[in-house]
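Numbering (the working numbering), first residue to last: 33 to 357.
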Ligand code: HEM
């Protein structure tokens with residue numbers, strides 16, 4: 033035993049070094065960098081820390097039935113717990129800033145199971161894989177004087193072109209005037225699976241029925257850092273807020289493993305149904321992990337490595353926030 037312990041001790045550094053050299057990015061690496069970027073935020077989400085919870089119903093169309101056997105499309109309507117949010121781990125994020133907004137929807141299926149979607153207001157993600165995204169976040173960590181080295185960030189972007197498309201999108205689209213007046217993108221590719229097992233690749237989008245309406249430059253300067261939850265509450269006091277859930281149907285050779293790329297614009301769009309929102313201020317979202325790989329039979333994740341890693345990171349964040357860490 034003693035010999036073995038000694039031996040493992042001797043070999044341990046070599047083994048660890050070997051592991052580090054080839055190690056893939058781990059979920060916890062993101063939790064650490066979120067903490068470096070936003071400080072310790074006990075009890076809150078480590079990403080999308082600031083948000084508002086609403087409830088509504090989803091009424092599916094019949095268009096998806098030819099592609100998928102999911103119970104999401106066979107039910108007449110299903111209840112949904114929805115959370116709109118600001119990207120990042122800062123619970124006091126400024127709602128006029130040029131950053132993505134997010135939406136998480138948990139559909140309650142008739143058999144008691146759930147189906148999740150969680151997307152952003154940008155069609156693309158800043159990095160073709162977890163490694164590239166993690167590197168970008170690491171360059172954004174402030175130094176000991178609290179300053180971000182923007183030259184380093186710029187250089188990183190140049191060396192990692194897959195981080196650029198989301199940045200360009202955010203520069204050319206002002207932030208939304210309301211959580212209800214912006215389009216949300218699923219970003220990743222998923223597969224519909226029908227009764228025979230045939231697969232069709234798709235990306236989902238949630239489009240506001242009232243149309244998109246961005247903040248003006250003046251509003252971006254004048255509005256307070258927090259207004260989105262109140263705005264939504266006010267909108268809901270005069271009626272429901274509506275979104276249409278769409279699927280963009282991919283071609284066989286469309287890229288599925290790189291969320292920094294969007295498919296060509298000419299792809300067919302089908303309506304999957306109408307999402308109605310009736311009431312805000314619900315607190316059920318606190319106990320929800322919008323893991324985007326929790327899907328119903330009839331819809332499958334793609335081979336996107338960012339999509340795959342999200343489950344691990346969300347589980348760590350969920351466990352931490354529920355235990356007050
Ligand atoms: C490696 C990439 C990513 C990491 C590390 C990451 C990390 C996180 C974390 C830690 C949370 C909080 C989870 C919780 O406590 O419940 C979160 C929430 C969220 N993420 Fe991500 N995320 C990634 C990619 C994405 C992508 C690609 C999208 C959009 C397609 C997205 C959209 C969202 C949304 C909407 C929420 C808020 C869900 C809620 O309201 O609870 N994330 N993310």
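In this text, a Cβ means the ideal position worked out from N, Cα and C, and glycines have one as well. All figures in this text were calculated on a predicted structure; none of them were measured in a lab.
Same chain, Cβ closer than 6 Å to residue i, neighbours up to 5 away in sequence not counted
| i | result |
| --- | --- |
| residue 297 | none |
| residue 53 | For residue 53, the predicted structure reports a pLDDT of 39, less than 50, and the residue's modelled location is therefore unreliable. A value from the coordinates is still provided. Correct list: empty, nothing qualifies. |
| residue 160 | 194, 290, 292 |
| residue 91 | 109, 305, 306 |
| residue 102 | 328, 330, 331 |
Local conformation of residue i per DSSP, three classes
| i | result |
| --- | --- |
| residue 201 | helix |
| residue 182 | helix |
| residue 238 | strand |
| residue 294 | coil |
| residue 319 | helix |
| residue 167 | helix |
| residue 195 | helix |
| residue 162 | helix |
| residue 274 | strand |
| residue 115 | strand |
| residue 188 | helix |
| residue 95 | helix |
| residue 208 | strand |
| residue 84 | strand |
| residue 76 | coil |
| residue 89 | strand |
| residue 216 | strand |
| residue 231 | strand |
Endpoints, beta strand (DSSP E) assigned at residue i
| i | result |
| --- | --- |
| residue 59 | Counting along the chain, residue 59 falls outside any beta strand (DSSP E), though it belongs to the alpha helix (DSSP H) covering 59 to 70. |
| residue 348 | Taken as a continuous stretch (DSSP letters only), residue 348 belongs to no beta strand (DSSP E), being part of the alpha helix (DSSP H) at 337 to 354. |
| residue 267 | Premise fails: residue 267 lies in the alpha helix (DSSP H), 260 to 268, not in any beta strand (DSSP E). |
| residue 307 | 301 to 312 |
| residue 133 | 133 to 140 |
| residue 148 | 146 to 152 |
| residue 331 | 331 to 333 |
| residue 225 | 222 to 225 |
7 Å CB neighbourhood of residue i in its chain, flanking five on each side removed
| i | result |
| --- | --- |
| residue 240 | 212, 213, 214, 215, 275 |
| residue 205 | 246 |
| residue 149 | 137, 218, 236, 324 |
| residue 362 | Here the chain covers residues 33 to 357 and nothing more, so residue 362 does not appear. |
| residue 162 | 57, 337, 338, 341 |
| residue 88 | 112, 114, 307, 308, 309, 310 |
| residue 123 | 73, 76, 81, 82 |
| residue 180 | 172, 174 |
| residue 68 | 173 |
| residue 97 | 105 |
| residue 178 | none |
Best match in the options for proximity to residue i [C-alpha to C-alpha]
| i | options | result |
| --- | --- | --- |
| residue 359 | 60, 95, 267 | It is not possible to answer for residue 359, since the shown part of the chain is limited to 33 through 357. |
| residue 220 | 128, 253, 87, 335 | 335 |
| residue 144 | 112, 153, 172, 123 | 112 |
| residue 317 | 244, 114, 107 | 114 |
| residue 301 | 198, 248, 233 | 233 |
| residue 287 | 222, 229, 184, 277 | 222 |
| residue 184 | 176, 167, 177 | 167 |
| residue 197 | 231, 155, 258, 176 | 155 |
| residue 201 | 131, 142, 64, 255 | 131 |
| residue 192 | 129, 182, 164 | 164 |
| residue 187 | 176, 178, 170 | 170 |
| residue 257 | 101, 79, 126 | 126 |
| residue 140 | 158, 109, 129 | 109 |
| residue 261 | 313, 355, 177 | 313 |
| residue 265 | 116, 91, 64 | 116 |
| residue 65 | 121, 107, 84, 99 | 121 |
| residue 330 | 146, 357, 348 | 146 |
| residue 268 | 102, 62, 85, 79 | 85 |
| residue 133 | 277, 238, 346 | 238 |
| residue 353 | 277, 61, 71, 78 | 78 |
| residue 277 | 303, 254, 153 | 303 |
| residue 254 | 129, 99, 63, 189 | 129 |
| residue 227 | 93, 243, 100 | 100 |
| residue 199 | 285, 135, 158, 61 | 158 |
Residue interval of the alpha helix (DSSP H) (run including residue i)
| i | result |
| --- | --- |
| residue 106 | 103 to 106 |
| residue 326 | Where residue 326 is concerned, there is no enclosing alpha helix (DSSP H), given that its DSSP letter is neither H nor E. |
| residue 249 | 249 to 254 |
Own chain residues within Cβ distance below 8 Å of residue i, not counting five before or after
| i | result |
| --- | --- |
| residue 272 | 88, 308, 309, 310 |
| residue 209 | 245, 246, 247, 251, 263 |
| residue 249 | 206 |
| residue 344 | 58, 59 |
| residue 282 | 221, 232, 233, 234, 235, 288, 295, 299 |
| residue 259 | 127 |
is_contact[residue i, chain B] using C-beta, thresh 8 Å
| i | result |
| --- | --- |
| residue 264 | Of the protein chains in the structure, only one exists, and it is not chain B. |
Residue i CB to nearest heavy atom of the ligand ADP below 7 Å
| i | result |
| --- | --- |
| residue 325 | The model on display carries the ligand HEM but not the ligand ADP. |
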